[in-house]
Amino acid sequence: MSKKNVEYVCQNCGAAYPKWQGKCDSCGEWNSIVEDVSATEGFSNLPTKKKGKIIDFVPLSGEERALKRLSTGIKELDRVSGGGLVPGSVILVGGDPGIGKSTLLLQVSASIAASEGNPECYYISGEEAIDQVRIRAKRLNLEQTPVKLASSTEVKDIIATLEKSKAAVVVIDSIQTMYLDEVESTPGSVAQVRACAYELIKLAKRKGFVLFLVGHVTKQGSLAGPRVLEHMVDTVLYFEGERGHHFRILRAVKNRFGATDEIGVFEMQDQGLVEVENPSALFLAERQGNVSGSCVFAGIEGSRPLLVEIQALVSPTSYASPKRAVVGWDSNRLSMVLAVLEARCGMNFSSHDIYLNIAGGLKITEPAADLAVAMAVISSMTNKALPADMVIFGEIGLSGEIRAVSQASARLKEAQKLGFKSAITPTNLVNKDKKNNHRLDISVHEIGNVQRLINWFN
Ligand code: TYD
Ligand code: MG
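Numbering (my numbering), first residue to last: 195 to 652.
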């Protein structure tokens with residue numbers, strides 16, 4: 195009898211080891227490594243006598259087929275996916291439990307199913323019973339749409355069924371609940387997730403339907419199951435948002451058919467997810483003018499300008515080492531901004547706790563927020579409010595210089611649209627972007643370094 199190939203696989207990142215160990219060297223997770231019999235079995239079972247076929251090579255140039263995209267009828271999703279769904283493509287949708295993945299995908303299937311020509315949309319739930327999905331459909335007012343609903347976890351049954359269909363869109367909610375009986379491990383394990391995804395993806399490519407896979411995320415916020423899942427699919431979308439807030443952001447982190455920095459903004463209402471046409475207005479809705487420690491950052495998310503409020507609170511510390519708490523931004527970046535203010539402007543934060551918050555729960559990654567963060571911190575430290583109708587953007591360098599950032603005119607235009615009257619920006623922005631700017635009715639203070647910023651503010 196042939197010996198079984200046993201591997202020990204980390205359920206968090208998919209790294210494989212010949213022996214069991216308590217901690218995964220690759221991702222640092224404890225107790226995530228389990229015995230996996232079938233992970234390598236597939237290869238040892240390959241028939242060895244079969245000879246390979248000769249493959250054809252072609253030149254790089256050639257007639258390309260134009261991608262025909264399927265519009266979802268949901269503009270924010272179309273934007274994130276790069277202009278609509280590409281037939282035969284596979285989209286992994288990740289997000290915390292309860293964030294609204296099932297709601298979004300039910301709305302997407304309903305919208306496509308009800309569109310012209312009634313493309314066939316299949317919604318297969320492995321997590322919820324038919325009744326539960328029906329209740330949601332009713333709540334969303336979608337119960338009359340021709341979506342084909344099933345509750346199943348058997349990948350073989352699903353494949354046999356879809357094989358005979360004219361599916362245009364298939365939603366699998368979620369891939370962690372799917373099961374293939376050839377694989378000897380439990381649903382949700384690396385081997386199962388990988389094998390089930392592989393079979394479903396193969397079918398999607400062959401039949402040319404759009405496949406949505408819902409994926410769970412771990413405590414750390416990465417997609418549960420093997421990293422390979424992210425490599426196997428064409429597009430990875432994260433659905434994020436804060437529990438206490440009603441808006442949700444759909445973010446592309448990988449996209450073979452479009453840009454990856456686009457976001458889609460939705461609001462979770464009583465009757466499901468509603469697209470947000472003007473996200474800046476939403477993020478600034480609860481802002482109170484003339485408060486120290488608050489300023490408005492003119493950011494860019496993907497191709498779209500987005501204004502958000504940055505709040506800082508600097509207060510005397512009662513600890514030996516002062517506290518730095520950041521929500522929505524990179525805490526290393528805050529340390530850097532503080533270090534620059536201390537070294538270049540003689541400020542001292544060693545006896546102060548600093549709290550930084552991006553209002554509304556949005557996460558910002560742009561370095562262009564540096565200047566707005568610095569300004570919020572300075573404003574809180576000096577207890578002096580900034581003009582309420584002012585926006586700020588610019589990157590801060592280690593020598594205190596304020597560096598230019600991309601798409602300045604788009605940021606200013608958005609600010610003007612929302613009624614802002616002035617802006618603090620990096621220098622030589624107007625020279626660079628003169629044509630675009632001179633139509634703007636917003637007064638721009640160009641500031642070259644942080645020392646000048648402080649002089650200007652005092
Ligand atoms: P759900 O789509 O089940 O989340 P996921 O599939 O990501 O786990 O969304 C569940 C949450 O959304 C739940 O807390 C209730 C809320 N919700 C609304 O606020 N309005 C609605 O119309 C629906 C359907 C859900
Ligand atoms: Mg769900």
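In this text, a Cβ means the ideal position worked out from N, Cα and C, and glycines have one as well.
### Query
What is the DSSP secondary structure of Ser-573, counted as helix, strand or coil?
DSSP places Ser-573 in helix when its eight states are reduced to three.
### Query
Any idea what DSSP makes of Gln-463, helix, strand or coil?
Gln-463 falls in the strand class under three-state DSSP.
### Query
What number of angstroms, rounded off, separates the C-alpha of Ala-344 from the C-alpha of Leu-397?
Cα to Cα, the separation comes out at about 18 Å.
### Contact between the stretch 541 to 548 and the stretch 511 to 521 (3+ Cβ pairs under 8 Å)
Contact between the stretch 541 to 548 and the stretch 511 to 521 is present: 3 or more CB-CB pairs across the two stretches fall below 8 Å.
### Task
Check whether the Cβ atoms of Val-404 and Val-363 lie closer than 8 Å to each other.
Yes, the Cβ-Cβ distance between Val-404 and Val-363 is below 8 Å.
### Message
Quick check: does the Cβ of Thr-371 come within less than 7 Å of any heavy atom belonging to the ligand TYD?
### Response
Judged by the Cβ position, Thr-371 fails to qualify as a neighbour of the ligand TYD at the 7 Å threshold, every heavy atom of the ligand being at least this far.
### Query
Can you tell which of Asn-551, Gly-409, Glu-229 has its C-alpha closest to the C-alpha of Arg-320?
A small correction: the amino acid at residue 320 is Gly; Arg does not occupy that position in the sequence shown. Residue Gly-409 is the option with its Cα nearest to Gly-320.
### Query
Considering only C-alpha positions, which residue in the set Glu-589, Glu-480, Glu-456, Asp-250 is nearest to Val-553?
For the sequence presented, residue 553 should be read as Ala rather than Val. Minimum Cα distance to Ala-553 is reached at Glu-480.
### Simplified DSSP assignment, three categories, for Glu-314
Look at Glu-314 here: in three-state DSSP terms it is strand.
### Task
Report, in whole angstroms, the separation of the C-beta atoms of Phe-285 and Leu-431, which I expect to be a contact under 8 Å.
Note that residue 285 corresponds to Ile in the displayed sequence, not to Phe. About 6 Å separates the two Cβ atoms, so the contact holds.
### Task
Kindly examine the ligand MG and report whether one of its heavy atoms sits closer than 7 Å to the Cβ of Glu-434.
Outside the cutoff, so no.
### Message
Buried or exposed, going by whether 16 or more other CB atoms sit within 10 Å of the CB of Ser-379?
### Response
Buried is the call here.
### Task
Rounded to whole angstroms, what's the CA-CA distance from Cys-218 to Ser-226? Just pull it up for me.
Approximately 7 Å, taken between the alpha carbons.
### Message
Just verifying my parser: in three-state terms, what is the DSSP assignment at Trp-523?
### Response
DSSP places Trp-523 in coil when its eight states are reduced to three.
### Query
Is Trp-650 helix, strand or coil when you go by DSSP?
Looking at Trp-650 - three-state DSSP - the assignment turns out to be helix.
### Cβ neighbours of Leu-334 in the same chain (closer than 8 Å, five flanking residues each side left out)
Short of 8 Å from the beta carbon of Leu-334, and not among the five residues preceding or following it, lie these beta carbons of its own chain, in chain order: Thr-297, Leu-300, Gln-301, Ala-304, Gln-465, Gly-466.
### Task
Would you mind sorting Phe-147 into buried or exposed? The rule is 16 or more other CB atoms within 10 Å of its CB.
Outside the shown range of the chain, which is 195 to 652, sits residue 147, and nothing can be said about it.
### Message
Give me the residue from Ala-361, Ala-602, Ala-385 with the minimum Cα distance to Cys-207.
### Response
Across the set Ala-361, Ala-602, Ala-385, the C-alpha of Ala-385 shows the shortest separation from the C-alpha of Cys-207.
#### Entry: Distance between beta carbons of Ala-506 and Val-571, contact taken as under 8 Å
Contact flag correct, Cβ pair sits at about 5 Å.
### Query
Cβ of Asp-367 versus every heavy atom of the ligand MG: is any distance shorter than 7 Å?
A distance criterion of 7 Å places the beta-carbon of Asp-367 in contact range of the ligand MG, judged by its closest non-hydrogen atom.
#### Entry: Inter-residue Cα distance where the pair is Phe-614 and Glu-322
Between the alpha carbons of Phe-614 and Glu-322 lies a distance of about 47 Å.
### Query
Anyone know if the C-beta pair for Leu-264 and Gly-277 falls short of 8 Å?
For Leu-264 and Gly-277, no; Cβs fall outside 8 Å.
#### Entry: Nearest neighbour of Ser-275, chosen from Ser-497, Val-521, Ala-617 [CA to CA]
Taking only the C-alpha atoms, the option nearest Ser-275 is Ser-497.
### Task
Look at the alpha carbon of His-440 and the alpha carbon of Glu-314, and state the distance between them as a whole number of angstroms.
Taking the CA atoms as reference points, His-440 sits about 31 Å from Glu-314.
### Own chain, CB closer than 6 Å to Ala-233, minus 5 neighbours either side, in chain order
At Ala-233 the pLDDT is 46, less than 50, meaning the model places this residue with poor confidence and gives no usable figure here.
### Query
Cα-Cα, which of Ile-590, Thr-559, Val-228 is closest to Gly-525?
Looking at the sequence shown, residue 525 is not Gly but Ser. The shortest C-alpha to C-alpha distance from Ser-525 to any of Ile-590, Thr-559, Val-228 is the one to Thr-559.
### Task
Report yes if the C-beta of Lys-332 is less than 7 Å from at least one heavy atom of the ligand TYD; otherwise report no.
Not under cutoff, so the answer is no.
#### Entry: Residues near Ile-293 in its chain [Cβ-Cβ closer than 8 Å; skip 5 each side]
Result list for Ile-293: Phe-433, Glu-434, Gly-435, Arg-442, in chain order.
#### Entry: Same chain, Cβ closer than 6 Å to Glu-589, five either side skipped, listed in chain order
Once the five neighbours on either side are set aside, the close Cβ partners of Glu-589 are Pro-561, Ala-562, Asp-564, Arg-597, Val-599.
### Task
Take Gln-205 as the anchor and find which of Ala-307, Lys-332, Leu-423 has the nearest alpha-carbon.
Closest by alpha carbon: Leu-423.
### Message
Residues in the same chain with beta-carbon distance under 7 Å from Gly-484, minus the five sequence neighbours each way, listed in chain order, please.
### Response
A small fix is needed here, since residue 484 is Asn in this sequence, not Gly. Ala-579, Ala-582, listed in sequence order.
### Message
Starting from Asp-230, trace the beta strand (DSSP E) in both directions and tell me its first and last residue.
### Response
Its beta strand (DSSP E) spans residues 227 to 230.
### Query
Using a Cβ-Cβ cut-off of 6 Å (strictly less than) and excluding sequence neighbours within five positions of Lys-360, which residues of its own chain qualify?
Glu-314.
### Query
Mapping DSSP to helix, strand and coil, what is Val-280?
Residue state, collapsed to three classes: coil.
### Query
What's the gap between the Cα of Tyr-316 and the Cα of Tyr-211?
Their Cα atoms are separated by approximately 38 Å.
### Task
Using 10 angstroms around the beta-carbon of Arg-400, count the other beta-carbons present and answer buried if the total reaches 16, otherwise exposed.
So Arg-400 counts as exposed.
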